[in-house]
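Protein chains in written order, with our numbering: chain V, 1 to 247; chain H, 1001 to 1321; chain Y, 2001 to 2299; chain R, 3001 to 3422.
Glycine included, each C-beta is placed from N, C-alpha and C at the ideal position.
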Amino acid sequence: MRFGGLKAVDDVSFKIREHTITGLIGPNGAGKTTLFNSIAGVYTPTAGQILFKGERIDGLPPHRIFHKGLVRTFQIPRPFPEMTVLENLLVVPPSQCGESFWNNWFQPARVREEEERNHDKACEIAKFLNLGHVLDLPCKNLSGGQQKLVEIGRALMADPSMILLDEPGAGVNPSLLAEIIDRISELHERGITFLLIEHNMDMVLNLCDPILVMANGRLLMEGDAQAVRSDPRVLDAYLGGEPEATS
Amino acid sequence: MTGIVSYLVFFSILASIYSLMSLGLNLQWGYTGLFNIGVVGFFAVGAYTFAILASPPAAGHIGGFNWPFLAALIAAMIATGIVALIVGIPTLRLREDYLAIATIGIGATIQLIANNMNWLTGGPNGIYNIPQPLSAYFSSNLGYNVFFLVMIVVILLLAYWSLERIVHSPWGRVLMAIREDETAASSVGKSGFSYRLQSFVIGSILMGLAGALYASFIKYISPTLFMPVLTFQVWAMLIVGGSGNNRGAILGSVLVWALWTMSGSVVQAILPSTLQVKGGAFQIILIGLVLMLVLLFRPRGIMGSRKAVVFAGESKTVSGE
Amino acid sequence: MIAQYLANGIVLGSSIALGAVGLTLTYNILNFANFAHGSLLSWGAYFAWLVVLVFGGVQSTIGPLSFGWPFILAIVAAALMASVLALVLDWLVFRVLRKSNIQVTLVIASFGASLLLRNLIVVVFGPEPQYYSDNIQIAQPILPGVRTTPDELFVVGLAVVLVIGLHLFLTRTRLGKAMRAVSDNASLAQVSGINVHNVVRWTWVVGGSLAAVAGVMFGLTVQILPDMGFNLLLFLFSAAILGGIGSIYGAILGGLVIGIAADLSVLFISPAYKPAVAFILMIVVLLIKPSGILGEKVQ
Amino acid sequence: MKSRRITSSLVASAIMGVAALAPLAVQAKCTTTIGSVMALTGSLGALGQSIAKGAELAVDTVNKAGGVNGCDLKLSMLDDQTSPAVGVSAAKQLVDIHQVPAIVGALSSGVSMAILTSVTAPGKVVQISPSSTSPSFTELAKSGKTGGYWFRTTPSDALQGVAMAKLARENGLKRVAVLYLKNPYGEGLAGKFSEYFKKLGGKVTASVPYNPKQPSYRSEVSSALGGDPQAVFLIGYPGDGTTVAREWISSGGPQTFLLPDGLESQKFVDDVGAKYMKKVLGTAAGSVNTPSLKTFDSDFQKQFGNPPTQAYMTNAYDAVMVIALAMDKGHGTSADTVKNNIRGISGTAGTAIYAGAGQYEKALKLIKEGKRIHYVGASGELTFDKNGDVSGPMAIWTLKDKKVVQDRMMSVSTINKVLMKR
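Written out as structure tokens, the structure is:
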């Protein structure tokens, strides 16, 4: 992946096994978010392939990748600010009958029935994420942590097989963080695969296996928490004299 | 007293026609964030299609199809929809401001066609023998106008009801999601293009419908009517009434149209005689100012958007990567 | 006959090209379609007219041209004043809205500003057309079948000089390079230590100046009118999009293509459709190659 | 909650609107109100404000001479902003709220026609336009859709086109290019001129329309220049017309100009530069042979402190005079009185009545005595045909010492002779 003359992600190759929580760590500017955006379809890689369940997905637009069951969240949460939490969740379910203009006129019963189903599901997910009491608030009135939960909730509404989480723990107070970690592991047990970028080492080391380490746009190593902790290259990468840059 | 009633009926008919346009624009701008500054172009397509199809034969231009009112009305809406597709398909895929540029172009182009394609539009002389539906059954002018008002209010309510219903459906929800944050919408699987196109076409069809009704009511259309100032009028109506709010769109139309028809007298009363010629300019300056100030201080219009939520400061927007 | 239309097209294209360069610069660096750009063009023309009036008209003339040295001064002054106007506009309106990062809000605000600025001209200077000089230049044959006035040649020459100057500015000076970097990738440029705010200011200055000069050129060869910038806006946008938004050389090329196409179209269709020609060209380009002729990135 | 608020504010604004529009109820003396819709702002604003003065002068003249049927004549004038939608609203206000029997206006054909089809014809109110020249009005009248309520005090384009064709041939011009504004006025005039110029043995080398407010007219002028014309017939108004004329001169076009009434303006000549207009042949509806124009000029100077400078001012003046005289003749103020008596005070039968208060008094006396009169207006003789159109002689104007002057007349019979030609 290049921007002008700059290589942001170069020669990165890895596999994510099903039913894992794979962590992706690395210093600022390592190319993690770029990698993420390439997987999610925001960028088209200049070279290389991205496969999901054996299918090539590089070059597909984000909404097509979503429909394959691969869902993402954003580093800085992007809920629809003027819409309520409930509405944010209700937007998500793929291929809703009522999303077609005509079905609202010609199949109102089907639309209503489906709407009720989605509504129940949204309430359930909101409850699971502890958002039940703010369902009718516009998202712009929520705290940053709650907005992260809304994003996770949106992801769940899609019944995804894999979720890309971009720094779910950043800027979240400790009690909420614990809750987020809790939810992730619970969802993992339900069979959802995760790939998450995180700076909070505790969280990554406790939650993730395996862990990928990136630096300067390259993959440095892959291994479990133990291996990452003991690898001197990782420490080097974090402390090394590379210039800081925002990712 | 009958005079006042008669005038109010007349006023309400025109205000309703503007309301239809303003509702169409509200779907495009208020709910989808599409910046259409060629409203007058779609209005003109509707008006001319109706006039050409519904009129008896006339010298100098194509016509004489004598279509029944309803058929011509529907044809006008279809024609406007097609024009909207032609403008929308190349531009709605691209960045938002391309639509603005394209719509200002289509507005200008349609005005040029209206003024210059004599065989089609009658050129500068316009089309002057447009029939009114059922006018033969009314002996008094006021009686007919009352009938027309009832008809147009029914159409307006129908449009309002349909819009309210559709914007509160899952379809409308996606529209709003795209307006709020296109990237996030795309990350949850909603492709902006197709929804934007639908919204754009439906909104434009309402403008075309307004044009057809105008042509039928006034019985005469000519290129002088389709000046850019009409687009600004409709924008002022929506912004004043509150974009993102269908009731606001209608309220704004009534208020601004009342102001507009009286502003001539107001301008005459306020401005010294040496500046009177520039009254039109002052009016537009006022619109420009209102547009900018509302954007700066009340981005969602005076009535606010659909939900009367507590305003917790400016809408927080999130910067991208 | 064709040669004459071609020549007309080049003269018209020169003004459009300069205006379009300013437009594409602001579009690319500030990231929105600035509908007020046309008004900068009109204001530039009126500023120059004011200066000419201050000098008591354009009595002394240079060679065969219709104007004297005060007019050259007027061009410079107009460029300066239009830059100030652009900066004020930015400070009052766009600076505030830019934070919100919603392009359409900026676009609609610029549209409001354009309404305001255009009609302010009507209020201040009146709606009638004005001319820099009461004298009319008679076109002389310069090539077989081509007649032009000395002023028109001056306009084309000035456009060429400015384009070369702009090229040198963008490739040779630190500021120019910074502008290109910001237009390429603003956040990257910021990281590499470029003062983006400064670049934004200079973008307004360069864009405003070019718009003003385009306005003066247009006023010199046609007339000065409050609506002139707004009427040219479709041409400017078409040129910028045709060449590829963000591409400076594309805008120049686009300006010439639009100018020539509009004037040549008279051979086939009624001159009445001239503005529509620009619009249709633009739509066709958007359909075939959305990034424009010389545009690099697909939006 | 909210809907109630909306409803109440709607009602409030409606009431306010009506209150603002309602005429003053208490009036000391009896008053007869007629209406006027004119472009006081918008693109024809500059034109409209001067034309409005013509109408105001006529009202003043009538009132000085004792008014209509002994009552003061009042003119309620509303602005149409040069927009049909605003124009019909204004006209409807006048008809419904001010209850006027007759409306003078509008100026542009597009606005006048919209008012005619949606307000005055269905509402059975007389409408007299001082300046709408579109041939569509004649067509509409022929089909009976105006109900006979439509009149105009400006001759249709046909007459002037014919007069110009004749004038051009008289001056030995064989090859003329036509550059016309693409509006009903320009199109009508250009069409008639071309038709009769050909019949008279001339050749129209090019007929090129131009749209208002274009950034440049270079290519229009270039295409008009093809075919090597001896002169240009330039149709339009000052403003764009000025620009086209300058472009024409600059492109090396012959400096012989045929100009219609729309460009009979000193400002136009000054802005273009009289030195570039070697020969000017102008036509305008009007009459230099009647005392009416002189009276109008001097009354106007007295009233407003400056001489009248604009085309159609006299036509507006005459429109008001005709309405007043028709009311006197019919001893009433209803729309039908005006409609039915207009032809009884115009034409050629009976005693000629000219402009001015003294003449109006004379007319009142003659009417009382039961004598037939006919009004000869400041814009010329007014003979309304069954479609509400007038025919009259044309004035020929030109430049003398850089000033616009009318120098002779072309009579109705001369024009008719050309019209008969096959």
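Selection of the region 2138 to 2151 of chain Y by Cβ proximity to chain R, strictly under 7 Å: ILE2138, ALA2139, ARG2147 and THR2149
Every unbroken alpha helix (DSSP H) inside the region 3089 to 3153 of chain R [4 residues or more]: 3109 to 3115 and 3136 to 3142
Coil, strand or helix - VAL1188 (chain H) by DSSP: As a working mapping, residue 1188 (chain H) is identified with position 188 in the second sequence. Residue state, collapsed to three classes: coil.
Contact residues within the region 3050 to 3079 of chain R, judged by C-beta distance below 7 Å to chain H: LEU3078 and ASP3079
For ILE2241 (chain Y) and THR3033 (chain R), the rounded distance between their alpha carbons: Along the fourth sequence, one-based indexing puts residue 3033 (chain R) at 33. Along the third sequence, one-based indexing puts residue 2241 (chain Y) at 241. THR3033 (chain R) and ILE2241 (chain Y): Cα-Cα distance of roughly 57 Å.
Partner residues on chain H for SER2183 (chain Y), Cβ-Cβ distance less than 8 Å: Residue 2183 (chain Y) sits at position 183 when you count from the first residue of the third sequence. The premise fails here: SER2183 (chain Y) is roughly 15 Å from chain H at the closest Cβ pair, so nothing lies under 8 Å.
Test item: CB-CB of THR1103 (chain H) and GLY1038 (chain H) under 9 Å: Counting from one through the second sequence, the residue named residue 1103 (chain H) turns up at place 103. Counting from one through the second sequence, the residue named residue 1038 (chain H) turns up at place 38. Yes; because the gap between Cβ atoms is below 9 Å, this pair is in contact.
Residues near ALA3378 (chain R) by beta carbon distance below 7 Å, same chain, minus five either side: Position 378 of the fourth sequence, counting from 1, holds the residue named residue 3378 (chain R). Same-chain partners within the cutoff: SER3292, LEU3293, PHE3296, THR3314, TYR3317, ASP3318 and ALA3355.
Cut-off 7 Å between Cβ atoms - residues of its own chain near GLN3027 (chain R), not counting five sequence neighbours on either side: Counting from 1 along the fourth sequence, the entry for residue 3027 (chain R) is found at position 27. At GLN3027 (chain R) the pLDDT is 44, less than 50, meaning the model places this residue with poor confidence; the figure from the coordinates comes in the next sentence. Excluding residues within five positions, none has a Cβ falling inside 7 Å.
Cβ-Cβ separation, SER3108 (chain R) to ASN1324 (chain H) (assumed contact under 8 Å), whole Å: No statement about residue 1324 (chain H) is possible, as the shown extent of chain H runs from 1001 to 1321 and does not include it.
Three-state secondary structure (DSSP) of PHE52 (chain V): For this step, residue 52 (chain V) is matched to residue 52 along the first sequence. Correct three-state label for PHE52 (chain V): strand.
Members of the region 150 to 177 of chain V near chain H, C-beta cut-off 9 Å: GLU151, ARG154, ALA155, MET157 and ALA158
Residues bridged to HIS3374 (chain R) (per DSSP): Taking the first residue of the fourth sequence as position 1, residue 3374 (chain R) is located at position 374. Answer is R:ALA3352, bridged to HIS3374 (chain R).
Cβ contact check for the region 3274 to 3281 of chain R and the region 3339 to 3356 of chain R: 3 or more pairs under 8 Å: no
Distance between PHE1226 (chain H) and THR3154 (chain R) (C-alpha atoms, nearest Å): Along the fourth sequence, read from residue 1 onward, the residue named residue 3154 (chain R) stands at position 154. Along the second sequence, read from residue 1 onward, the residue named residue 1226 (chain H) stands at position 226. For THR3154 (chain R) and PHE1226 (chain H), the distance between alpha carbons rounds to 26 Å.
Inter-stretch contact (C-beta, 8 Å, three-pair minimum) for the region 3091 to 3109 of chain R and the region 3362 to 3369 of chain R: no
Contacting positions in the region 1183 to 1196 of chain H - beta carbon closer than 9 Å to chain V: THR1183, ALA1184, ALA1185, SER1186, SER1187, VAL1188, GLY1189, LYS1190, SER1191, GLY1192 and TYR1195
Touch test, the region 1229 to 1242 of chain H against the region 1129 to 1149 of chain H, Cβ-Cβ under 8 Å, three pairs minimum: no
Reference VAL1229 (chain H); option with closest CA among H:ALA1047, H:GLY1003 and H:ILE1285: As a first step, residue 1229 (chain H) must be located in the second sequence, where it is residue number 229. Ranking the options by Cα distance to VAL1229 (chain H), first place goes to H:ILE1285.
9 Å Cβ cutoff, ASN3387 (chain R) in contact with chain H: Along the fourth sequence, read from residue 1 onward, the residue named residue 3387 (chain R) stands at position 387. No, its Cβ sits nowhere closer than 9 Å to a Cβ of chain H.
For ARG3408 (chain R): DSSP bridge partner residues: Position 408 of the fourth sequence holds residue 3408 (chain R). Answer by DSSP bridge pairing, in chain order: R:ILE3396.
Where the beta strand (DSSP E) through PRO174 (chain V) begins and ends: Within the first sequence, numbered from 1, the residue matching residue 174 (chain V) stands at position 174. Unbroken run through PRO174 (chain V) is the alpha helix (DSSP H), 174 to 189; no beta strand (DSSP E).
Which of helix, strand or coil DSSP assigns to GLU3381 (chain R): Position 381 of the fourth sequence, counted from the first residue, corresponds to residue 3381 (chain R). In the structure shown, GLU3381 (chain R) sits in a strand (DSSP, three-state: E or B).
Nearest-angstrom Cα separation, counted from ALA3357 (chain R) out to THR2221 (chain Y): Numbered from 1 along the third sequence, position 221 holds the residue referred to as residue 2221 (chain Y). Numbered from 1 along the fourth sequence, position 357 holds the residue referred to as residue 3357 (chain R). So the alpha carbons of these two residues sit roughly 51 Å apart.
For TYR1128 (chain H), the three-state DSSP class (helix, strand or coil): Counting from one through the second sequence, the residue named residue 1128 (chain H) turns up at place 128. TYR1128 (chain H): coil per DSSP, three-state reduction.
Inter-residue Cα distance where the pair is VAL12 (chain V) and ARG183 (chain V): As a first step, residue 12 (chain V) must be located in the first sequence, where it is residue number 12. As a first step, residue 183 (chain V) must be located in the first sequence, where it is residue number 183. Going from the Cα of VAL12 (chain V) to the Cα of ARG183 (chain V) covers about 30 Å.
Whole runs of the alpha helix (DSSP H) within the region 2089 to 2148 of chain Y, excluding any shorter than 4 residues: 2095 to 2098 and 2103 to 2125
Rounded separation between ALA2074 (chain Y) and VAL2052 (chain Y) - CA only: What you label residue 2074 (chain Y) is simply residue 74 of the third sequence in a count that begins at 1. What you label residue 2052 (chain Y) is simply residue 52 of the third sequence in a count that begins at 1. Near 6 Å, if we compare the C-alpha coordinates of VAL2052 (chain Y) and ALA2074 (chain Y).
Length at least 4, wholly inside the region 54 to 132 of chain V: the alpha helix (DSSP H) runs in chain order: 62 to 67, 85 to 91, 103 to 106 and 108 to 128
Boundaries (first-last residue) of the alpha helix (DSSP H) holding GLU3361 (chain R): Start at 1 with the first residue of the fourth sequence, and residue 3361 (chain R) comes out as number 361. Here the alpha helix (DSSP H) through GLU3361 (chain R) covers 3357 to 3368.
Pair within 9 Å by beta-carbon distance, GLY3350 (chain R) and HIS3374 (chain R): Start at 1 with the first residue of the fourth sequence, and residue 3350 (chain R) comes out as number 350. Start at 1 with the first residue of the fourth sequence, and residue 3374 (chain R) comes out as number 374. Closer than 9 Å, so yes.
9 Å Cβ cutoff, PRO210 (chain V) in contact with chain H: On the first sequence, residue 210 (chain V) is found 210 positions in, with the first residue counted as 1. No - not a single Cβ of chain H is within 9 Å of the one on PRO210 (chain V).
Within 9 Å of chain V by C-beta, residues of the region 1142 to 1171 of chain H in sequence order: SER1162, ARG1165, ILE1166, SER1169, PRO1170 and TRP1171
ILE16 (chain V), DSSP secondary structure in three states: Your numbering for residue 16 (chain V) matches position 16 in the first sequence. Looking at ILE16 (chain V) - three-state DSSP - the assignment turns out to be coil, as it is neither helix nor strand.
Inter-residue spacing [alpha-carbon to alpha-carbon] between GLN3127 (chain R) and ALA3335 (chain R): Here residue 3127 (chain R) refers to the residue found at position 127 of the fourth sequence. Here residue 3335 (chain R) refers to the residue found at position 335 of the fourth sequence. Roughly 9 Å separates the two Cα atoms.
Within-9 Å CB hit, SER3251 (chain R) to chain Y: The residue given as residue 3251 (chain R) occupies position 251 in the fourth sequence. For SER3251 (chain R), the answer is yes, since a Cβ of chain Y falls inside 9 Å of its Cβ.
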